[in-house]
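Enquirer: Could you have a look at this structure, given as structure tokens, before my questions?
Numbering (the working numbering), first residue to last: 38 to 370.
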């Protein structure tokens, strides 16, 4: 068994080793057993109670899928458990996988720089940074509508600047993480009419520096991955600031489950965090590398009905599956 220690700097600049209680990440039986007793954030406050354990159980890469994969920046699951990812190349930008990682469908002609992918009911939403648009599709890839001005960025009400992600509220309102250029959240009615926007470039509460991911939880909170400010900001549905969490590194991806747990990836240090509704860390795992449980830009994340985690890697060009080991803690979705 290999024990992995983390290193941190004390106020005097010296490197110190820490051995906190951490989440266990078990490797497959065929691999060398590794116990992660220290990892992403060994310096978390003592009120964080890590109670969940995950096991890496599958790697979907080009060798596994039999398909050449692109950088994977967006991932989502439909109600049948199929996995959709912006993993394809050419005129098949979205690949659809079954539960075993086999490609069962491919669609998406015309993408220039596909980024975020979300599924709400029987609709798939994809953002395109280079075209500055957000597209709504059916599950089989039929384009229904486009938000934004195709090929033109800007700050106007009908424009985005490299939009990164999308969320749909229970009432049908559409929230766009806009994004890399405009540093704002835009809220549209279900019919596409702009209702409001908030945010400017900066580091104060309510300001952003790369609005990278966005989700809406079951209590009506809007969670925004404010990536370059290294925080998750929380708002109500009308954009009123609630609070911010700054203990999960540089947040790239966000996802939710039915128990209102929050899942986030730190794509810089390549860590995955599972949080309770108050931001407390329930699990953390990962590091930079190419082995099981290691990532090359842990970019986006999704969770299925059993509480299993799917992590899409940007530079790694693969999807890793992590199985929740605590059966009593599996979400009811």
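Backbone N, C-alpha and C fix where the C-beta goes; we use that ideal spot for every residue, glycine too.
Go ahead and label residue 164 buried or exposed: buried means 16 or more other beta carbons lie within 10 angstroms of its beta carbon, across all protein chains shown.
Expert: The residue you call residue 164 lines up with position 127 of the chain shown. Residue 164 comes out buried.
Enquirer: Under a Cβ-count criterion, where at least 16 other Cβ atoms within 10 Å of its own Cβ denotes burial, should residue 42 be classed as buried or exposed?
Expert: For the purposes of this step, residue 42 is taken as the residue at position 5 of the chain shown. Because residue 42 sits at a pLDDT of 33, beneath the cut-off of 50, its placement in the model cannot be relied upon, and the point is left open.
Enquirer: Just verifying my parser: in three-state terms, what is the DSSP assignment at residue 75?
Expert: One-based indexing of the chain shown puts residue 75 at position 38. Low confidence applies here, because residue 75 scores a pLDDT of 41, under 50, leaving its location unreliable; read the following figure in that light. In the structure shown, residue 75 sits in coil (DSSP, three-state: anything other than H, G, I, E or B).
Enquirer: Within the same chain, show all residues whose beta-carbon is closer than 6 Å to that of residue 67, passing over the 5 residues directly before and after it, in chain order.
Expert: Taking the first residue of the chain shown as 1, we reach residue 67 at position 30. Note that residue 67 has pLDDT 38, beneath the 50 cutoff, so the model's placement of it is unreliable and the number below is only indicative. Contacts found: none.
Enquirer: Considering residue 100, what are the terminal residues of the alpha helix (DSSP H) in which it resides?
Expert: Position 63 of the chain shown, counted from the first residue, corresponds to residue 100. Note, residue 100: alpha helix (DSSP H), 99-102.
Enquirer: Going by DSSP, which residues form a beta bridge with residue 361?
Expert: For the purposes of this step, residue 361 is identified with residue 324 of the chain shown, where counting begins at 1. Residue 361 pairs with 91.
Enquirer: Can you look up residue 146 in the DSSP assignment and give me helix, strand or coil?
Expert: Numbered from its first residue, the chain shown carries residue 146 at position 109. Residue state, collapsed to three classes: coil.
Enquirer: Report the CB separation of residue 191 from residue 198 in whole angstroms; it is logged as a contact under 8 Å.
Expert: Counted from its first residue, the chain shown places residue 191 at position 154. Counted from its first residue, the chain shown places residue 198 at position 161. At roughly 7 Å, the Cβ-Cβ gap stays under 8 Å, so residue 191 and residue 198 are in contact.
Enquirer: With a cut-off of 8 Å on the beta carbons, I'd call residue 100 and residue 112 a contact; round off their distance for me.
Expert: Residue 100 sits at position 63 when you count from the first residue of the chain shown. Residue 112 sits at position 75 when you count from the first residue of the chain shown. Residue 100 to residue 112, Cβ: 19 Å. No contact.
Enquirer: Determine the burial state of residue 255: buried for a count of at least 16 other Cβ atoms within 10 Å of its Cβ, exposed for fewer.
Expert: Along the chain shown, read from residue 1 onward, the residue named residue 255 stands at position 218. So residue 255 ends up on the exposed side.
Enquirer: Please state whether the Cβ-Cβ distance between residue 144 and residue 203 is less than 7 Å.
Expert: Working through the chain shown from its first residue, we reach residue 144 at position 107. Working through the chain shown from its first residue, we reach residue 203 at position 166. Not in contact: residue 144 and residue 203 (Cβ atoms no closer than 7 Å).
Enquirer: Which first and last residues belong to the beta strand (DSSP E) in which residue 133 is found?
Expert: In the chain shown, counting from the first residue as 1, residue 133 sits at position 96. Note, residue 133: beta strand (DSSP E), 131-134.
Enquirer: Which of helix, strand or coil does DSSP assign to residue 46?
Expert: Residue 46 sits at position 9 when you count from the first residue of the chain shown. Residue placement at residue 46 cannot be trusted, given a pLDDT of 41 that sits under 50; what the coordinates show is reported in the next sentence. It is a strand residue.
Enquirer: Quick one: is the Cβ of residue 99 within less than 6 Å of any heavy atom of the ligand MN?
Expert: The ligand content of the structure shown is nil, which means the ligand MN is not present either.
Enquirer: Have a look at residue 239 and residue 152 and give me their C-alpha separation to the nearest angstrom.
Expert: As a working mapping, residue 239 is identified with position 202 in the chain shown. As a working mapping, residue 152 is identified with position 115 in the chain shown. Approximately 23 Å between the Cα atoms of the pair.
Enquirer: Can you tell which of 242, 267, 108 has the C-alpha that lies nearest to the C-alpha of residue 250?
Expert: One-based indexing of the chain shown puts residue 250 at position 213. It is 267 whose Cα lies nearest to the Cα of residue 250.
Enquirer: Taking 7 Å as the threshold (beta carbon to beta carbon), is residue 112 in contact with chain C?
Expert: Given the protein chain composition of this structure (a single chain), no chain C is represented.
Enquirer: What does DSSP give as the partner residue(s) for residue 196 in the beta ladder?
Expert: Within the chain shown, residue 196 is the residue found at index 159, counting from 1. Answer by DSSP bridge pairing: none, since residue 196 is not bridged.
Enquirer: In the structure shown, what three-state DSSP assignment does residue 69 receive?
Expert: Taking the first residue of the chain shown as 1, we reach residue 69 at position 32. Only weak support exists for where residue 69 lies, its pLDDT of 34 falling under 50; the coordinates are left without a value.
Enquirer: If you follow the beta strand (DSSP E) that residue 232 is part of, which residue opens it and which one closes it?
Expert: As a position in the chain shown, residue 232 is number 195, starting the count at 1. First-last of the beta strand (DSSP E) with residue 232: 231-235.
Enquirer: In this structure, how does DSSP classify residue 297 when only helix, strand and coil are distinguished?
Expert: By one-based count along the chain shown, residue 297 stands at place 260. Residue state, collapsed to three classes: coil.
Enquirer: Under 7 Å, do residue 283 and residue 291 count as touching if we go by C-beta distance?
Expert: The sequence position of residue 283 within the chain shown is 246, counting from 1. The sequence position of residue 291 within the chain shown is 254, counting from 1. No; because the gap between Cβ atoms is not below 7 Å, this pair is not in contact.
Enquirer: In chain order, what residues of the same chain have a beta carbon less than 6 Å from the beta carbon of residue 339, not counting five sequence neighbours either side?
Expert: Translated into the one-based positions of the chain shown, residue 339 becomes position 302. Answer for residue 339: 112, 113, 114, 292, 347, listed in chain order.
Enquirer: Between residue 133 and the rest of its own chain, which residues show a CB-CB distance below 6 Å, the 5 nearest in sequence each way excluded?
Expert: As a working note, residue 133 is residue 96 in the chain shown. Same-chain partners within the cutoff: 119, 121, 141, 142.
Enquirer: Using the rule of at least 16 other Cβ atoms within 10 Å of the residue's Cβ for burial, across every protein chain shown, is residue 299 buried or exposed?
Expert: Residue mapping note: residue 299 aligns to position 262 of the chain shown, counting from 1. Residue 299 is buried by the Cβ-count criterion.
Enquirer: Of all the options 179, 181, 185, which has the alpha carbon lying nearest to the alpha carbon of residue 171?
Expert: Here residue 171 refers to the residue found at position 134 of the chain shown. When each option's Cα is compared against that of residue 171, the closest is 185.
Enquirer: Just to confirm my understanding: we take residue 246, look at its own chain, exclude 5 residues before and 5 after, and list those with CB closer than 6 Å. What are they?
Expert: Residue numbering aside, residue 246 sits at position 209 when the chain shown is read from its first letter. The residues are 265, 266.
Enquirer: Does the Cβ of residue 147 have 16 or more other Cβ atoms within 10 Å, making it buried, or fewer, making it exposed?
Expert: Position 110 of the chain shown, counting from 1, holds the residue named residue 147. Classification for residue 147: exposed.
Enquirer: Could you tell me which residues DSSP pairs with residue 151 in its beta bridges?
Expert: Reading the chain shown from its first residue, position 114 is the one you call residue 151. Residue 151 pairs with 165.
Enquirer: According to DSSP, is residue 265 helix, strand or coil?
Expert: Position 228 of the chain shown, counting from 1, holds the residue named residue 265. Here residue 265 sits in helix by DSSP.
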